């Protein structure tokens, strides 16, 4: 399961004591080869955590041997000391893997952190934790690794896709964490994907960018972009199969789509998952811009929480965009009922059934043939409580 | 005092029965001259309510004799019938003013509406209401007019500034309503300002744009832009005084500033008023962009509600902008305590006292000498309740 579903990977998840409550907080994922190709996409926030800066650097050569991830602290906005701590973390992983017979330098180790911004990590706990994790590395450790990266997540998130291609069977699997600060660019905190397909670094990069563009980048739980977002894809090549690029991208996208949907389903305080379909847009960019504007409208998010099909708030959100449309040609459906037609009153809003967790808002721009789907959550008192009651 | 503080204006506010609860819902403001110059600024939302489209048209010649405003319905997204209703409303005002001896056409009457989007106005109540309001027009009617335009406002908002200039005494006064959907472009639902200064339409337009740019346009309560925002400035010239343009703009700005502050202070469900000062920006546009990004960060708004000086959320908001800055040169103060210095941990966050309603967040971009102030509110469970419990 998770990051160890694909052959050629071991993983572990342990409690290092970074979290004060004693929950698991350190994960290690190791690519045992034969190939060690990798690609990554990172937050577009200009304020980047130390581990993001580090991992972008070490990925420059398209190779990674291991990824170490911690919850319990984001190591963001921590200055030069924070970067030194990330470096020391990678050095420690290289050292313990070396002791186990894997010759590896710190420059082949990606680091990812999640938790409170602006606090230094307790290195006196983190470094011994790496030794403990290395001792527990296993081909069945994916599940534990997924659990160790949780912060406010109520469940751990994993996904696996296995394909039978012309050359044989290959797998893409992965794990994700993220329950708040979910907004494009990209839309999650931490994701590690692994595959035993025999794909080189440019092939991984292309597949990962294609997949994240239409999955994690289209999740907008709360409009807040993290400083730590990291998605890594590691290939061991141990299946010996090199899939067709389209088939490989499709599989990576399937896993990303599944994980992204799980993130929305577990978003902080949410009671509804909102699927925003923008159809008949002049361009895909228009569709995405309109979808995001709808996704970020707090008044609409409140209305959906209250199971109120308040389509006026959809129109007022569309109206703030630069997309091509005529106001008197807009149509809006909520759960399939076209409550707004031609920019005005449509079908009876009492026909809309909003009892279930998933709510679909369809915005028809009547301006072309392009479309996009953005996922969002409602805005609830629980979200306010969860994010005002403690520093996270 | 409100819109009748300046000489040359009468006003009324009555209950026409548009609101089902019987509260006042119709206001009428009449310029009795001698001058009838006017200027207006309107929502930049591309989905505009019928009264906004109408009022923009009738203002094209820079003259207005009267403004009729209703609460209890926004007349937005109501199609051709909605526009006909606005037209009929203006015709009715012209008719009743004509019966009182004022020769005026519908093209000199601005209309403004506020309330639920997507519902036609009850014209069988609104039109008789206009007759009733006309019968009650008075030089002391400003207060009642301000009360009649309230929706979810808990208090009515008025402001008056009187100046003694070289040519004599003149006054700018006004009223405002708005408690939700407050976001730039512009940041309120309805505002009517009046003055007895002798200023022509281009002078009014210039003063109004200068004033709203740094007041209503810098209020961002909930990031949601209305379809109905309207700010009108009417000059009767009855003081006989033509102030210096700078003095006049200053007075209009004072009144707008006061009203904008009142809007933030009465925003739906809010428990904190957040003054966001962006300093040392390379340009004023940078300062405004950063201020708005901070103002719209739901996680920060929750933290401030919880009296948690979570400066990491300020940095993550700054990081999403295109403004000029270096991440490791950013400084952030909350209520005067520099909790973030050089992009990292600064003074002890426990020193921050957030008990009072007004909270100041200062973001120092260390990139220049420009600055801007944006006003916002916190995000509360009460906001969620108020906006999920009913259609508004």
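Chains as they are written, first to last, in the working numbering: chain A, 1 to 392; chain B, 1 to 392.
C-beta: ideal position from N, C-alpha, C; glycine also.
Given the structure is predicted, the values throughout are model-derived calculations rather than measurements.
Close Cβ partners of residue i (< 6 Å) along its chain, the five nearest in sequence each way excluded
i                      : result
residue 205 of chain A : 39
residue 291 of chain B : 276, 278, 372 and 374
residue 362 of chain B : 277 and 333
residue 260 of chain B : 215, 216 and 219
residue 123 of chain A : 85
residue 386 of chain A : 268 and 269
Residue from the options whose Cα sits closest to the Cα of residue i
i                      : options                       : result
residue 53 of chain B  : B:11, B:90, B:34 and B:23     : B:90
residue 289 of chain A : A:310, A:94 and A:321         : A:321
residue 134 of chain B : B:163, B:68 and B:251         : B:68
residue 326 of chain A : A:104, A:280, A:313 and A:293 : A:280
residue 151 of chain B : B:84, B:25 and B:383          : B:25
residue 65 of chain A  : A:304, A:235 and A:149        : A:235
residue 365 of chain B : B:357, B:315, B:174 and B:198 : B:315
residue 318 of chain B : B:337, B:295 and B:306        : B:295
residue 425 of chain B : B:12, B:355 and B:240         : Nothing in the structure corresponds to residue 425 of chain B, since chain B is present only between 1 and 392.
residue 14 of chain B  : B:154, B:51 and B:126         : B:126
residue 44 of chain B  : B:147, B:240 and B:213        : B:213
residue 148 of chain B : B:17, B:117, B:230 and B:49   : B:17
residue 308 of chain B : B:298, B:350, B:50 and B:258  : B:350
residue 117 of chain A : A:110, A:49 and A:70          : A:49
residue 70 of chain B  : B:61, B:51, B:77 and B:159    : B:51
residue 41 of chain B  : B:201, B:88, B:258 and B:129  : B:201
DSSP state of residue i mapped onto helix, strand, coil
i                      : result
residue 175 of chain A : strand
residue 55 of chain A  : helix
residue 159 of chain A : strand
residue 23 of chain B  : coil
residue 330 of chain B : coil
residue 150 of chain B : coil
residue 186 of chain A : Model confidence at residue 186 of chain A stands at a pLDDT of 38, short of 50, so the residue's coordinates are unreliable and nothing is read from them.
residue 307 of chain B : coil
residue 4 of chain A   : helix
residue 393 of chain A : Limits of chain A in this structure are 1 at one end and 392 at the other, which puts residue 393 of chain A out of reach.
residue 18 of chain A  : coil
residue 164 of chain B : strand
residue 78 of chain B  : coil
residue 337 of chain B : strand
residue 408 of chain A : In the structure displayed, chain A extends from 1 to 392; residue 408 of chain A sits before or after that span and is not available.
residue 249 of chain A : helix
residue 385 of chain B : helix
residue 89 of chain B  : helix
residue 120 of chain A : coil
residue 241 of chain A : coil
residue 293 of chain B : helix
residue 344 of chain B : strand
residue 142 of chain B : helix
Nearest-angstrom Cβ-Cβ length linking residue i and residue j, presumed shorter than 8 Å
i                      : j                      : result
residue 227 of chain A : residue 27 of chain A  : 19 Å between Cβ atoms; not a contact.
residue 262 of chain A : residue 157 of chain A : 4 Å
residue 63 of chain A  : residue 96 of chain A  : Their Cβ separation, rounded to whole angstroms, is 19 Å, which puts residue 63 of chain A and residue 96 of chain A out of contact at 8 Å.
residue 82 of chain A  : residue 120 of chain A : 6 Å
residue 352 of chain A : residue 335 of chain A : 5 Å
residue 173 of chain A : residue 6 of chain A   : 5 Å
residue 383 of chain A : residue 269 of chain A : 3 Å
residue 112 of chain B : residue 230 of chain B : 5 Å
Neighbourhood of residue i by C-beta, 7 Å cutoff - its chain only, sequence neighbours within 5 removed
i                      : result
residue 10 of chain A  : 4, 30, 32, 137, 138, 139 and 141
residue 254 of chain A : 161
residue 19 of chain A  : 25, 71 and 72
residue 379 of chain A : 298, 301, 302 and 305
residue 186 of chain A : Note that residue 186 of chain A has pLDDT 38, beneath the 50 cutoff, so the model's placement of it is unreliable and the number below is only indicative. Contacts found: 41, 43, 212, 216, 217, 229 and 231.
Those residues which DSSP pairs with residue i across a bridge
i                      : result
residue 393 of chain B : Nothing can be reported for residue 393 of chain B, as the shown portion of chain B is limited to 1 through 392.
residue 38 of chain B  : B:234
residue 281 of chain A : A:370
residue 66 of chain A  : A:30 and A:109
residue 220 of chain B : B:376
residue 193 of chain B : B:174 and B:233
residue 9 of chain A   : A:31
Neighbourhood of residue i by C-beta distance below 8 Å, restricted to the same chain and skipping five residues each side
i                      : result
residue 342 of chain B : 328, 329, 330 and 331
residue 237 of chain A : 8, 33, 34, 35, 37, 196, 197, 198 and 199
residue 165 of chain B : 241, 243, 244 and 247
residue 47 of chain A  : 76, 77 and 227
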